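Trainee: Those letters in the sequence shown? Residues 1 to 84, by UniProt numbering. What follows is a single structure, and I will ask about it in a moment.
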Amino acid sequence: MAPDHMVIVFLPESTRLNDVMPRPQAKAPKALTPLLEIRNLTKSFDGQHAVDDVSLTIYKGEIFALLGASGCGKSTLLRHAGGL
Numbered sequence: 001m002a003p004d005h006m007v008i009v010f011l012p013e014s015t016r017l018n019d020v021m022p023r024p025q026a027k028a029p030k031a032l033t034p035l036l037e038i039r040n041l042t043k044s045f046d047g048q049h050a051v052d053d054v055s056l057t058i059y060k061g062e063i064f065a066l067l068g069a070s071g072c073g074k075s076t077l078l079r080h081a082g083g084l
């Protein structure tokens, strides 16, 4: 697909992205330092979990997308990743 094309996929709300497009299980070399690593992040607002036990590691050269419904914690996760 040419880089000037955009693909939009609409999935039922109950569909998990991993059910449709499993993440490759490629292992990064042990000597490679992650650009970003988050382990077991949980954030609550008034007792309601916005982010619950999220862990991720992103290495240089990886393509990363954060997808989810409105209010599921995407912005909260990114604020914590940015140290805000």
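By construction, the Cβ of each residue, glycine as well, lies at the ideal position given by its N, Cα and C atoms. Everything numeric in this text was worked out from a predicted model, so none of it was measured.
#1: So is L77 buried or exposed if we call it buried at 16+ other beta carbons inside 10 Å?
#2: Under three-state DSSP, which class holds A2?
#3: Where does the unbroken alpha helix (DSSP H) through L41 begin, and where does it stop?
#4: Between I38 and L32, what straight-line distance do the alpha-carbon atoms span, to the nearest angstrom?
Mentor: Per the coordinate set shown:
#1: buried
#2: At A2 the pLDDT is 46, less than 50, meaning the model places this residue with poor confidence; the figure from the coordinates comes in the next sentence. Reduced to three states, the DSSP call for A2 is coil.
#3: No alpha helix (DSSP H) contains L41, which is instead part of the beta strand (DSSP E) from 36-45.
#4: 16 angstroms
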